[in-house]
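Please read the structure below before turning to the comments.
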Amino acid sequence: MSRAPDTWILAADCPSRLGTVDAVTRYLFEQGCYVTEHHSFDDRLSSRFFIRVEFRQPQGFDEQGFRAGLAERVDGFDMNFELTPPQYRPKVVIMVSKADHCLNDLLYRQRIGQLPMDVMAVVSNHPDLEPLAQWHGIAYHHFPLDPADKPGQERRVLEVIEQTGAELVILARYMQVLSPEMCRRLDGWAINIHHSLLPGFKGAKPYHQAYNKGVKLVGATAHYINNDLDEGPIITQGVEVVDHTHYAEDLVAKGRDIECLTLARAVGYHIERRVFLNANRTVVL
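Using our numbering, the letters of the sequence shown correspond one by one to residues 10 to 294.
This is how it looks when you write it as structure tokens:
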């Protein structure tokens with residue numbers, strides 16, 4: 010479900026306690042806020058509660074007063090909450106290597122308004138995709154990777170992220186393993202995409218490996234990065250059935266499509282504050 014352009018988003022989580030739903034929804038009612046969408050989930054295993062509400066503001070809405078009043082209302086619930094205004098557009102940096110399909114798809118969805126975000130820069134360890142970024146009027150930073158000085162290259166990437174004020178980093182087929190320090194800096198606000206062939210195939214030409222084994226499912230996984238290679242908290246996955254009529258090049262083409270759609274869906278969920286981290290898992294409301 011896409012977000013209405015005139016709604017605020019309230020996203021919150023707290024330990025599981027009696028009265029959490031009432032505390033949030035009653036406050037919204039008392040403030041004259043009209044709820045247009047509401048989802049909540051209580052995780053009985055981690056004893057943690059998650060809630061996301063979209064609402065329309067009344068006339069004379071005072072954001073600071075609303076925040077202060079809500080903080081007072083939920084003080085006894087140890088609740089973390091985030092309030093996102095209408096027309097919110099996060100600043101984004103996209104990291105790429107040579108493959109262009111995910112970058113092209115993200116920039117197209119930004120251009121038509123499907124993904125309400127502002128891509129401030131594209132960073133790459135190769136020069137190949139600079140014309141694509143320039144066509145969209147976006148700064149392109151080419152930082153070649155020197156195996157003898159990987160920390161130096163990553164410092165330059167972080168400088169771009171900091172200078173642009175990016176709130177989200179997207180690894181759109183960035184084919185380099187990030188250092189533990191880089192992963193720590195981006196933990197929880199950088200999204201990666203990779204294939205998720207069943208069974209898994211690692212290394213060069215995974216789709217060709219899959220073809221040689223006669224796989225019957227191909228897919229993609231979008232997840233937040235952490236220091237475990239391709240094993241961060243999963244946001245969303247996509248999968249399609251294939252059969253003996255699909256040659257290696259068909260699997261590659263189908264994989265590109267699934268990667269684009271899965272990554273775009275994950276980015277959209279993140280922008281709309283639908284994703285909550287719950288230990289090493291996610292809750293997506």
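Glycine included, each C-beta is placed from N, C-alpha and C at the ideal position.
- Here residue 225 has 250, 251, 252 as same chain residues with Cβ atoms under 7 Å from its own Cβ, once five neighbours each way along the sequence are excluded.
- Out of 283, 190, 90, 33, the CA that lies nearest to the CA of residue 22 is found in 90.
- Between residue 195 and residue 234, the CB-CB gap stays under 9 Å.
- The bridge partners DSSP lists for residue 261 come to none.
- Taking 4 residues as the minimum length, the alpha helix (DSSP H) runs contained wholly in the stretch 49 to 116 are 72 to 82, in order along the chain.
- Contact between the stretch 259 to 277 and the stretch 109 to 119 is present: three or more C-beta pairs spanning the two stretches fall below 8 Å.
- Residue 20 places its beta carbon 9 Å or farther from that of residue 265.
- Closest in C-alpha terms to residue 146, from the list 201, 26, 130, comes 130.
- In the structure shown, the three-state DSSP call for residue 280 is helix.
- Residue 254 counts as exposed, since fewer than 16 other beta carbons sit within 10 angstroms of its beta carbon.
- By the criterion of at least three beta-carbon pairs nearer than 8 Å, the stretch 95 to 114 is in contact with the stretch 181 to 191.
- Annotated three-state conformation of residue 267 is helix, per DSSP.
- The criterion of a C-beta distance shorter than 9 Å is not satisfied by residue 278 and residue 261.
- A buried status is given to residue 162, since no fewer than 16 other beta-carbon atoms sit within 10 Å of its beta-carbon.
- Residue 77 counts as exposed, since fewer than 16 other beta carbons sit within 10 angstroms of its beta carbon.
- Note on geometry: alpha-carbon atoms of residue 35 and residue 18 lie some 16 Å from one another.
- Membership of residue 42 in any beta strand (DSSP E) is not indicated, and neither H nor E is assigned to it by DSSP.
- Under a 10 Å Cβ-count criterion, residue 229 is classified as buried, with 16 or more other Cβ atoms of the shown protein chains found around its own Cβ.
- For residue 17, the enclosing beta strand (DSSP E) stretches over residues 17 to 24.
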